[in-house]
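Protein chains in written order, with my numbering: chain A, 378 to 700; chain B, 378 to 700.
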């Protein structure tokens, strides 16, 4: 069995450990906090409950070993996942301790949501084995992981990281440049700040904003992202036409954040080209059918749930039949 | 049968007509464009294909009447939905023509994504019957509709609008204040601008950004919004603790848009209070279970789909079994 070392527990590290274990890896776990084992057991119990409902072909679960030191955890590990608090001096110290004991061939991945790999690699004895593998909560179920190398990480290491992450059921996206907070959290931060204005100005409550998301664009974005959604909505006139219409809106008084990029011809062309490649020849009608089939499947699935969403959708059915 | 008039077709107006028809309303439709009937038929065919897969208890479909004039369409209608191009002078002229012929008791709703109701009501003979009912594409499937009154719209009219929209399977959210672009499109605009920076700076491609959304926070937001997601992620320490930790991040160099609100004690308290009301006594563990059950249901549903998402999830299963 391959071995993954998980250094730093909490919600994120514990869920990394759970994901590796359920995908058949042995896990060596280290976190000095007194409650770390309890947190790990709680997260692992949830993962054991939910993950097999998604995948009915899981391998036999790996063996979990609780380790008293970083050195003990990382010795012999093929993958090392660091999930310590989001403070640069802590992460650098932990990474130094990891590298003092781990194999030169191991991949040392950080869960950092904010720091760039070059910041983590500074003063490292082997910067080329450190990269960012940033997951999203709940790590045992959500597939996404942002893989961020710096220029000193060899291509072969990046490819090996992608293969390992894909092998434990994740969708690794390797970014083309390192920036603070990577990609997903920058988008989340933009939404967060706008939402804070809406709350502060009394336009909508947290519950209303959440409802607008869950019953609206959240259902879109669970199956088509920003660009493919707009591509689909743009209709047969195409992405370029859509963007040219949309461009002027960036100058409208729609938000309180006013430093906006110039949507010039060059940027439009870049987006059109990338969107074309992404569609890979599928027509707008085909994209619509995919979108609708996905929405139907999700809505039907949510109707059966014992949750606010399920209750609402069931209520909808009742309201519908009496209208 | 109640009658809805749909003034202005296109993708949005045609989908409004489809939703009303499938929910048993008669629809009087007017759009002078030569291709409007073809667009309507295309959208209606899709709605007839997909909506019954979500709801197996639909009433008998209403009767569609194509009308040669606005006056003919709106006479006798209980609900009038205006979906003309997003130009204020056009909308004001159309609304004036609608009000010249419609009943005083009718509700005149605009699909505008940008304009405030007070802007539409200016110079109107009966401003109190005009409000914004802003839907999201695809209107026949996505439940959300932002309901935006101005101060001159009576409470009874707002309640009647909410009842009618709820009766056709929608989730109406009535905003507490009118602002340009309402709520959802402001959030979308924030994401859009940040995404444009990421593309322009070469950090990620449109496809990568979409993948990060569809395999990450999109799956969250299809069933829990921004605030309840953070509440859940914050753990037992609570929303206030989470916000106090999160506050300083607003000062970090995470985006190129730098005009941010001050997350002071007053704002924190407002959000905590609203979030408490929203949770209605459910514990974090219960919220986690709801979230996970919803994610499982959606992932299982998407696996069966003939789409990129379904193909990816099936591939994941294959990759999993060989690891």
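Heads up, the beta-carbon is just placed ideally off N, CA and C, and yes, glycines get one too. All figures in this text were calculated on a predicted structure; none of them were measured in a lab.
(message) Output needed for residue 600 of chain A: all residues of its chain with C-beta closer than 6 Å, excluding positions within five of it in sequence on either side, in chain order.
(response) Translated into positions along the first chain, residue 600 of chain A becomes position 223. Excluding positions up to five away in sequence, the list reads 671.
(message) Could you check whether residue 508 of chain B and residue 484 of chain B sit closer than 9 Å to each other, using their CB atoms as the reference points?
(response) In the second chain, counting from the first residue as 1, residue 484 of chain B sits at position 107. In the second chain, counting from the first residue as 1, residue 508 of chain B sits at position 131. Contact flag set, yes.
(message) Distance check for residue 552 of chain B and residue 428 of chain A, CA to CA, integer angstroms please.
(response) Numbered from 1 along the first chain, position 51 holds the residue referred to as residue 428 of chain A. Numbered from 1 along the second chain, position 175 holds the residue referred to as residue 552 of chain B. Cα-Cα distance, rounded: 38 Å.
(message) Assuming contact is defined by CB atoms lying nearer than 9 Å, are residue 658 of chain B and residue 597 of chain A in contact in what I supplied?
(response) The residue given as residue 658 of chain B occupies position 281 in the second chain. The residue given as residue 597 of chain A occupies position 220 in the first chain. No, the pair does not count as a contact, with Cβ atoms beyond the cut-off.
(request) Taking C-beta pairs closer than 8 Å, name the residues in chain A that residue 683 of chain B reaches, listed in chain order. (result) Position 306 of the second chain, counting from 1, holds the residue named residue 683 of chain B. Near residue 683 of chain B (Cβ distances below 8 Å), the residues of chain A are 667 and 670.
(request) Let me know the secondary structure DSSP gives residue 442 of chain B once reduced to three states. (result) Walking along the second chain from the start, residue 442 of chain B turns up at place 65. Note: residue 442 of chain B maps to strand in three-state DSSP.
(request) With 9 Å as the C-beta to C-beta threshold (strictly closer), list the residues of the stretch 574 to 591 of chain A near chain B in chain order. (result) 574, 575, 576, 577, 578, 579, 580, 581, 582, 583, 584, 585, 586, 587, 588, 589, 590 and 591
(request) Under 8 Å Cβ to Cβ from residue 473 of chain B, same chain only, skipping five residues before and after it: list those, please. (result) Locating residue 473 of chain B in the second chain gives position 96, where the first residue counts as 1. Same-chain partners within the cutoff: 500, 501 and 502.
(message) With DSSP as the reference, identify every bridge partner of residue 521 of chain B, one or two as the case may be.
(response) Taking the second chain and counting its residues from 1, one reaches residue 521 of chain B at position 144. Per DSSP, B:548.
(request) Can you give me the Cβ contacts of residue 481 of chain B inside the same chain, cut-off strictly under 8 Å, excluding the 5 residues immediately before and after it? (result) Counting from 1 along the second chain, the entry for residue 481 of chain B is found at position 104. Only 503 and 506 meet the Cβ criterion.
(request) Measure the CB-CB distance between residue 437 of chain B and residue 381 of chain B and report whether it falls below 9 Å. (result) What you label residue 437 of chain B is simply residue 60 of the second chain in a count that begins at 1. What you label residue 381 of chain B is simply residue 4 of the second chain in a count that begins at 1. Not in contact: residue 437 of chain B and residue 381 of chain B (Cβ atoms no closer than 9 Å).
(request) Specify the secondary structure class of residue 487 of chain B as computed by DSSP and reduced to three states. (result) Position 110 of the second chain, counting from 1, holds the residue named residue 487 of chain B. Reduced to three states, the DSSP call for residue 487 of chain B is strand.
(request) Keeping to the same chain, check which residues put their C-beta closer than 7 Å to that of residue 562 of chain A; ignore five residues upstream and five downstream. (result) For the purposes of this step, residue 562 of chain A is taken as the residue at position 185 of the first chain. Here the set comprises 490.
(request) Note down, in chain order, every chain B residue with its Cβ under 7 Å from the Cβ of residue 556 of chain A. (result) For the purposes of this step, residue 556 of chain A is taken as residue 179 along the first chain, with counting starting at 1. In chain order: 580.
(message) Along the chain, where does the alpha helix (DSSP H) containing residue 397 of chain B start, and where does it finish?
(response) Indexing the second chain from 1 puts residue 397 of chain B at position 20. Taken as a continuous stretch (DSSP letters only), the alpha helix (DSSP H) holding residue 397 of chain B covers 387 to 399.
(request) Assuming residue 498 of chain B contacts residue 674 of chain A (C-beta within less than 8 Å), just tell me the rounded distance between them. (result) Against the second chain, residue 498 of chain B aligns to sequence position 121. Against the first chain, residue 674 of chain A aligns to sequence position 297. The Cβ separation is near 41 Å, so there is no contact.
(message) So, with DSSP's three-state summary, where would you put residue 594 of chain B?
(response) If you number the second chain from 1, residue 594 of chain B lands on position 217. DSSP places residue 594 of chain B in helix when its eight states are reduced to three.
(request) Report yes or no: is there a C-beta of chain B within less than 9 Å of the C-beta of residue 386 of chain A? (result) Position 9 of the first chain, counted from the start, is the residue given in the question as residue 386 of chain A. Answer no: the Cβ-Cβ gap between residue 386 of chain A and chain B never drops below 9 Å.
(request) For the stretch 424 to 454 of chain B, enumerate the residues whose C-beta is nearer than 7 Å to any C-beta of chain A, in chain order. (result) 427, 430, 431, 432, 434, 435 and 436
(message) Is there a Cβ of chain B sitting closer than 9 Å to that of residue 396 of chain A, yes or no?
(response) Locating residue 396 of chain A in the first chain gives position 19, counting from the first residue. No, residue 396 of chain A lies away from the interface with chain B (no Cβ there is under 9 Å from its Cβ).
(message) Let me confirm a value: residue 636 of chain A is counted as buried when at least 16 other C-beta atoms fall within 10 Å, else exposed. Which label applies?
(response) Position 259 of the first chain, counted from the first residue, corresponds to residue 636 of chain A. Because residue 636 of chain A carries a pLDDT of 45, less than 50, the predicted location of this residue cannot be relied on, and the following value inherits that uncertainty. Label assigned to residue 636 of chain A: exposed.
(message) Counting C-beta neighbours from all protein chains within 10 Å, is the total for residue 465 of chain A 16 or more, i.e. buried, or is it exposed?
(response) If you number the first chain from 1, residue 465 of chain A lands on position 88. Result: exposed.
(request) Measuring alpha carbon to alpha carbon, tell me which of A:396, A:591, A:557 and A:547 ends up nearest residue 592 of chain B. (result) If you number the second chain from 1, residue 592 of chain B lands on position 215. Taking only the C-alpha atoms, the option nearest residue 592 of chain B is A:547.
(request) Using a Cβ cut-off of 7 Å, pull out every chain A residue sitting near residue 521 of chain B, in sequence order please. (result) Locating residue 521 of chain B in the second chain gives position 144, counting from the first residue. Result: 589, 592 and 593.
(request) Scan the stretch 556 to 572 of chain A for residues whose Cβ lies nearer than 9 Å to a Cβ of chain B and list them as they occur along the chain. (result) 556, 557, 558, 559, 560, 561, 562, 563, 564, 565, 566, 567, 568, 569, 570, 571 and 572
(request) Excluding the 5 residues preceding and the 5 following residue 530 of chain A in the sequence, name in chain order all residues of the same chain whose CB lies nearer than 6 Å to its CB. (result) On the first chain, residue 530 of chain A is found 153 positions in, with the first residue counted as 1. Once the five neighbours on either side are set aside, the close Cβ partners of residue 530 of chain A are 505 and 508.
(message) Here's a check: name, in chain order, each residue in its chain whose Cβ is nearer than 8 Å to the Cβ of residue 589 of chain B, leaving out the five neighbours to either side.
(response) The residue you call residue 589 of chain B lines up with position 212 of the second chain. Excluding sequence neighbours, residue 589 of chain B sits near 581.
(request) Using a Cβ cut-off of 7 Å, pull out every chain A residue sitting near residue 701 of chain B, in sequence order please. (result) Past the boundaries of the shown model lies residue 701 of chain B; chain B is included only from 378 to 700, so the question cannot be answered.
(message) Check this for me: beta carbons of residue 711 of chain A and residue 571 of chain B, under 9 Å apart or not?
(response) Any question about residue 711 of chain A goes unanswered here, given that chain A covers just 378 to 700.
(request) Assign residue 471 of chain B to one of three DSSP states: helix, strand, or coil. (result) One-based indexing of the second chain puts residue 471 of chain B at position 94. Residue state, collapsed to three classes: helix.
(request) At 7 Å on the CB atoms, spell out the chain B contacts of residue 406 of chain A, in chain order. (result) As a position in the first chain, residue 406 of chain A is number 29, starting the count at 1. What residue 406 of chain A touches in chain B: nothing, since even the nearest Cβ is about 19 Å away.
(request) Output, in chain order, the set of chain A residues within a Cβ distance shorter than 7 Å of residue 605 of chain B. (result) The residue given as residue 605 of chain B occupies position 228 in the second chain. What residue 605 of chain B touches in chain A: 587.
(request) For residue 446 of chain B, count neighbouring Cβ atoms within 10 angstroms of its own Cβ and tell me buried if that reaches 16, exposed if not. (result) The residue you call residue 446 of chain B lines up with position 69 of the second chain. Classification for residue 446 of chain B: exposed.
(message) Between which two residues does the alpha helix (DSSP H) holding residue 405 of chain A run?
(response) Residue mapping note: residue 405 of chain A aligns to position 28 of the first chain, counting from 1. Taken as a continuous stretch (DSSP letters only), residue 405 of chain A belongs to no alpha helix (DSSP H), being part of the beta strand (DSSP E) at 403 to 407.
(request) Give the residues from the stretch 461 to 480 of chain B that approach chain A closer than 7 Å (Cβ to any Cβ), ordered along the chain. (result) none
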